[in-house]
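See structure below.
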Ligand code: SF4
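In our numbering, the protein residues as written are 3 to 408.
This is the structure we're talking about:
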């Protein structure tokens, strides 16, 4: 018997990351076009990439939501109808929106489904009902809402409810923040967030004897909700969203695999095993992250949610490459993302099942010349390995303790 589980919604920061997220188990992806979204820094999709990405996802039963969650000025709105017509013809599954003017424009020009962005900071039943009356079908709740509160909003409103389950956090109300505007001249609400809240700041106690204080006062830990999956399921939360369109291929693949493995296990068994939970948490520590917190998912976030440290990169693992082609009994062609050596500790991450070690008997350039080190950006040949598929990720253990994963 199949048990009900929420949708897993992964970030697609580029066409390649969309394919990785879908192949590693995401039920839906969200992405931005060249305009109107809040992630100017990610490789937003061109029109051609949108066509290819939507077809790729739909062919594999995954949905595509397009982010139009910038706050727009009148001159920006003039360009929107043409883009909406294009998206409607592509049959994207929903638009993620925060600006009322954008909602009105969508309703005037197309019949696409509207999801309210977390940027609109919907935190209560009354607000949810009002958004519903305006034609919103799903609400991505503000990250300040607990799972218990979200369950009540869902019950009372009858709307689809989406919540963040993993990723970086804003210390402001779901992005309603102007720190980057004032410190960097970049508008957070129009896609320019410079993550100014992660910086070190100092407090100068003028005219007192107190010494000035330097610290990372506002940098939030990262959200991790895997242990709370039973609560999300019990509350009937429709969609679990992973933050991170600007993050790596390694992140897109790992997060999609871990959360989809967990949800699939629940779907078949109706419960989780604590040994699996430990293993999934272990995998989530292998991707780039700050210390983890459950944010406001159970109780409202407080000073314990602050990551009072300098940003550092001490990950155990990094991506080595992506498999481009598998020539049976001959070789794998690999797109090198970070340099690796012939004798590095490499692992192959299959779409389903166990991560396994990959020992290289040879490493060759595409034209067949033996090398001992690959160069980022190049394509290399490594020995064929049974079961390895196009778009499988190869990761490199930077420390020497390679752990298994089922
Ligand atoms: S600076 Fe920090 S708090 Fe402000 S929008 Fe960016 S991530 Fe959020």
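Just so it is clear, CB atoms sit at the ideal spot from N, CA and C, and this is done for glycine as well.
Excluding its 5 nearest sequence neighbours in each direction, residue 372 has C-beta neighbours in its own chain below 6 Å: 366, listed in chain order. DSSP, read as helix, strand or coil, puts residue 382 in strand. Taking a cut-off of 8 Å for Cβ pairs, the stretch 203 to 216 and the stretch 136 to 144 do not touch, as fewer than three such pairs fall below it. For residue 59, the uninterrupted alpha helix (DSSP H) segment begins and ends at 49 to 61.
CA-CA distance, residue 377 to residue 338, rounds to 7 Å. The Cβ neighbour count for residue 204, taken over all protein chains shown within 10 Å, is under 16; the residue is labelled exposed. When the beta-carbon positions are compared, residue 119 and residue 142 come within less than 8 Å of each other.
Partner residues in the beta bridge of residue 399, as assigned by DSSP, are 319. For residue 166, the secondary structure class from DSSP, reduced to helix, strand or coil, is strand. According to DSSP, residue pairing for residue 33 in a beta bridge involves 68. Put simply, of 363, 178, 242 and 230 the residue whose alpha carbon is nearest the alpha carbon of residue 194 is 178. Per the Cβ contact rule, the stretch 230 to 242 is in contact with the stretch 4 to 19 (3 or more Cβ pairs under 8 Å). Between residue 168 and residue 228, the alpha-carbon positions lie close to 8 Å from each other.
Any heavy atom of the ligand SF4 within less than 6 Å of a residue's beta carbon puts that residue on the list, which reads 172, 173, 174, 177, 179, 181, 182, 190, 195, 197, 198 and 199. Every beta strand (DSSP E) stretch that sits fully inside the stretch 258 to 341 and reaches 3 residues is listed by chain position as 319 to 329 and 333 to 338. For residue 236, no beta strand (DSSP E) run applies; the uninterrupted alpha helix (DSSP H) run containing it begins and ends at 231 to 236, by DSSP.
In this structure, the CA atom of residue 106 is about 11 Å from the CA atom of residue 83.
Burial is judged here by how many other beta carbons sit within 10 angstroms of a residue's own beta carbon; residue 232 has fewer than 16 and is exposed. Going by C-alpha positions, residue 173 is about 32 Å away from residue 109. Remark: C-beta atoms of residue 290 and residue 310 do not approach each other more closely than 8 Å. Where residue 148 is concerned, there is no enclosing alpha helix (DSSP H), because DSSP gives it neither an H nor an E.
Residue 230 and residue 149 do touch by the CB rule: their CB atoms are close to 6 Å apart, below 8 Å. The DSSP-derived three-state label of residue 107 is helix.
DSSP, read as helix, strand or coil, puts residue 99 in strand. Burial state of residue 207 is exposed, judged by a 10 Å Cβ sphere holding fewer than 16 other Cβ atoms. In this structure residue 113 is exposed. Its beta-carbon is surrounded by fewer than 16 other beta-carbon atoms within 10 angstroms.
In this model, residue 145 and residue 33 are separated by some 19 Å (Cα to Cα). An exposed status is given to residue 91, since fewer than 16 other beta-carbon atoms sit within 10 Å of its beta-carbon.
In this chain, the alpha helix (DSSP H) harbouring residue 184 covers 181 to 186. Residue nearest to residue 328 within the set 389, 64, 97 and 129 is 389 (criterion: CA-CA distance). Bounds of the alpha helix (DSSP H) holding residue 82 are 82 to 92. Residue pairing of residue 131 in beta bridges, as defined by DSSP: absent, with no partner found. According to the DSSP secondary-structure assignment, residue 197 is paired through a beta bridge with no residue. In the structure shown, residue 350 falls within a strand segment according to DSSP collapsed to helix, strand and coil. Residues of the same chain with a CB within less than 8 Å of the CB of residue 234, apart from the 5 flanking positions on each side, are 8, 149, 165, 167, 227 and 242 in chain order.
Its chain contains 228, 282, 285 and 286 as the residues whose beta carbon lies nearer than 8 Å to that of residue 260, once the 5 sequence neighbours on both sides are disregarded; these appear in chain order.
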